[in-house]
Amino acid sequence: MANTSASQEFGVSKEAETLSTAMYLFGIGSGCLFVGPLSETVGRNPVYLTSTFCFLFFVLGTALTKSFGGQIVCRYFVGLFSSGTLGINGASVRDQFRPVKRAFVFPVIAWANVVPPTLAPIVGGWILQNPNLSWRWTEWITLIISGFAFLVALAFLPETYLPIILDWKAKNLRQVTGKQYFSEHGEEKGSFWKRLKHTLPMSLTFFLKEPVVTVLGSYLVLLYILLFSFLSGFEYIFKKTYNLSDGMTGSCFGAIAAGATAFTLCAPGLYSWARHHTEYVSGAHIKPEFRLWPAIFTAPLLPISLFWLGWTNVPTISIWSGLGACFCFGIVLIAMYVSSYEYIIDSYGDHAAIALASITMVRYLIAGGMTLAARPMYEGIGVKWTLFLLGCLAVVLTPGPVLLYIYGHRMRKKSKWARSEVGVVND
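Here the sequence shown is numbered in our numbering, starting from 37 and rising by one per residue.
Spelled out as structure tokens, the structure:
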């Protein structure tokens, strides 16, 4: 919706203005090529703080730009520096919480990743409906909120990556005692530039050569094709069908947020289930496949929600029917996020940041392309048939979590980096 207002100001078509969203997603994808390896070389904090500072600079540029070209460039760099948090936040969760506790914590973290993008159109829609405000206010609000978060992180965010912390402790001991203390991380990897040279190519290597990352990444690519094609159609699905205002159209995204919130409220139940699944003794373990159960249970909701919304999207059927479908979509979206990320974290341990960043890289690059393709689809064949095609693709994806549950351990055995199980002590 903000794209529509911006296209009018810059004198370009709505299709051309969609490029601003695509460039943002391309920026995230290309940035994830670097953030995972960098976070395992210099630590999580330098990546978070540096990328967020640069992010603020280019959000400011987007708010002030006077040309379409300037907006496109700034949006790309906004996405590029967003990757600092989007690419490695799951690895930070892994740094701080043991496997069983992650069953409680990660749905909350996933909620914080999934829900804000669905709340942004709500705020944006009502801003655009106000004749005294322009689309630029969406950028100013982003700048204010992100600036506050940056200051909090600068003051209180600790380093969480254990090998880097051990390097710091070894360096401090050398300075205090004069003896040659080295952490295993430092001895193994050598100097900063040597470690960086070793880790930097690993994002692409993981996606191309790691069976688990390749298979799960390909699955998530298809899921994100569905997601961004679906979200790009809200103007057609709700605004044009039910003749809604910009504010009310944006508010329809709240149904997805409500579904994601409903799943997150199940986090205590997931934690209890994980505790009962795991033996309470030293040396107990949890297999990564256990993390797939939320995805297995909710996967059928993906095609159901798309078919439901597509075939009931007529003015004579209540809008609440479509919002119910969006609610189900929100449930499956966050369930897939939780299962896939926890599976990767459990499988790759200390290298989870690189594995997660490599998957994030590919899915956002593909998603950027889909934002350009979605609008012509809705205009060409209509809401019903667009969602029908997306639903058919979702049917193909539905068995994915079950197949990964059955064959995942075999793929991990073929991996150089993946683990077969995760030790659980004192959870």
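Backbone N, C-alpha and C define an ideal beta-carbon position, used for all residues, glycine too.
The structure presented is a predicted model; accordingly, all values stated were derived computationally and were not measured.
query	result
Within 8 Å, strictly: CB atoms of Gly126 and Ala388	yes
Status (buried if at least 16 other CB within 10 Å, exposed otherwise) for Asn166	exposed
Same chain only: Cβ atoms within 7 Å of Glu224, ignoring 5 sequence neighbours per side	Model confidence at Glu224 stands at a pLDDT of 49, short of 50, so the residue's coordinates are unreliable; what they give is reported in the following sentence. Around Glu224: no qualifying Cβ.
Proximity below 8 Å, CB of Ser41 to CB of Leu164	yes
Distance between beta carbons of Tyr379 and Trp453, contact taken as under 8 Å	The Cβ separation is near 14 Å, so there is no contact.
Backbone CA spacing between Pro412 and Ser49 [nearest angstrom]	13 Å
Segment contact flag, the segment 424-440 with the segment 331-346, C-beta cutoff 8 Å, min 3 pairs	yes
Under the three-state DSSP convention, the category Ile322 falls into	strand
Contact belief for Val257 with Arg399 at Cβ below 8 Å, rounded distance in angstroms	5 Å
Where Asn168 falls, given that 16 or more other Cβ within 10 Å makes a residue buried	exposed
Beta-carbon proximity of Ile273 to Pro437, cut-off 8 Å	no
Endpoints, the alpha helix (DSSP H) within which His387 is located	Unbroken run through His387: none, as it is neither H nor E.
Cβ separation of Ile402 and Leu252, assumed to be a contact under 8 Å, to the nearest whole Å	Their Cβ separation, rounded to whole angstroms, is 14 Å, which puts Ile402 and Leu252 out of contact at 8 Å.
Residues of its chain near Thr348, where Cβ-Cβ distance is below 7 Å and the 5 sequence neighbours each way are ignored	Ser357, Gly358
Cβ-based burial, Val150 [other Cβ within 10 Å; buried from 16]	buried
Neighbour-count burial assignment, Pro152, 16 or more Cβ in a 10 Å radius	exposed
Three-state secondary structure (DSSP) of Ser49	coil
Pair within 8 Å by beta-carbon distance, Ala293 and Leu155	yes
Residue from Leu198, Pro143, Gly65 whose Cα sits closest to the Cα of Thr493	The requested residue 493 does not occur in the structure, where the chain is confined to residues 37 to 463.
Own chain residues within Cβ distance below 7 Å of Ser451, not counting five before or after	Glu246, Pro247, Val248
DSSP three-state assignment for Ile353, whether helix, strand or coil	coil
Residues of its chain near Tyr255, where Cβ-Cβ distance is below 7 Å and the 5 sequence neighbours each way are ignored	Leu433, Gly436
Beta-carbon contacts of Ile367 that lie in its chain and below 8 Å, excluding the five residues immediately before and after	Gly295, Ala296, Ala298, Phe299, Thr334, Leu337
For Pro435, three-class secondary structure by DSSP	coil
Neighbourhood of Val431 by C-beta distance below 6 Å, restricted to the same chain and skipping five residues each side	Pro339
Thr88: first and last residue of the uninterrupted alpha helix (DSSP H) it sits in	80-100
Cutoff 7 Å; reference Trp162; Cβ partners in own chain excluding five residues on either side	Gly283, Gly286
For Thr396, the three-state DSSP class (helix, strand or coil)	helix
Ser451: CB within 7 Å of a non-hydrogen atom of the ligand MN	Among the components modelled here there is no ligand, and therefore nothing to report on the ligand MN.
Cβ-based burial, Glu53 [other Cβ within 10 Å; buried from 16]	buried
Nearest neighbour of Gly290, chosen from Phe140, Cys428, Arg327, Cys364 [CA to CA]	Cys364
Proximal residues to Phe104 (C-beta, below 7 Å), its chain only, five neighbours per side dropped	Phe46, Val48
Inter-stretch contact (C-beta, 8 Å, three-pair minimum) for the segment 182-197 and the segment 83-100	yes
C-alpha gap between Asn279 and Cys288, whole angstroms	13 Å
The alpha helix (DSSP H) enclosing Glu195, as first and last residue numbers	From DSSP, Glu195 is part of no alpha helix (DSSP H); its letter is neither H nor E.
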